[in-house]
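In full-length UniProt numbering, the protein residues as written are 1 to 95.
A short worksheet on the structure shown next.
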């Protein structure tokens, strides 16, 4: 399978991929400090195990990094990704 294109939908506060009519997504909210609170990751069951969640998280964290923002890892998938990729820790806010 080729890697799906990850799209940032800033109006709906999410990063998503169209998977042949189904969607995988990483949603977020904005805190009062303008941090991205990465709060939920979903990949349809038949597409799991293909690294799509990692792609979603990586795209979101690269967006944070490139725009000199910070983020909160409310979603366990995001938290686990950051543990495996500590280069994103400087952008993470912990409460």
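Cβ coordinates follow ideal geometry from the N, Cα and C atoms, glycine included.
Closest by C-alpha distance to residue i, when choosing among the options
i, options, result
"residue 42", "95, 3, 57", "57"
"residue 31", "63, 89, 74", "74"
"residue 12", "25, 20, 19, 18", "25"
"residue 21", "34, 44, 61, 77", "44"
"residue 94", "85, 79, 84", "79"
"residue 63", "83, 48, 35", "35"
For residue i, the three-state DSSP class (helix, strand or coil)
i, result
"residue 32", "coil"
"residue 59", "helix"
"residue 7", "strand"
"residue 43", "coil"
"residue 72", "strand"
Burial state of residue i (16 or more Cβ within 10 Å)
i, result
"residue 66", "exposed"
"residue 18", "exposed"
Span of the beta strand (DSSP E) around residue i
i, result
"residue 16", "14-19"
The alpha helix (DSSP H) enclosing residue i, as first and last residue numbers
i, result
"residue 77", "76-84"
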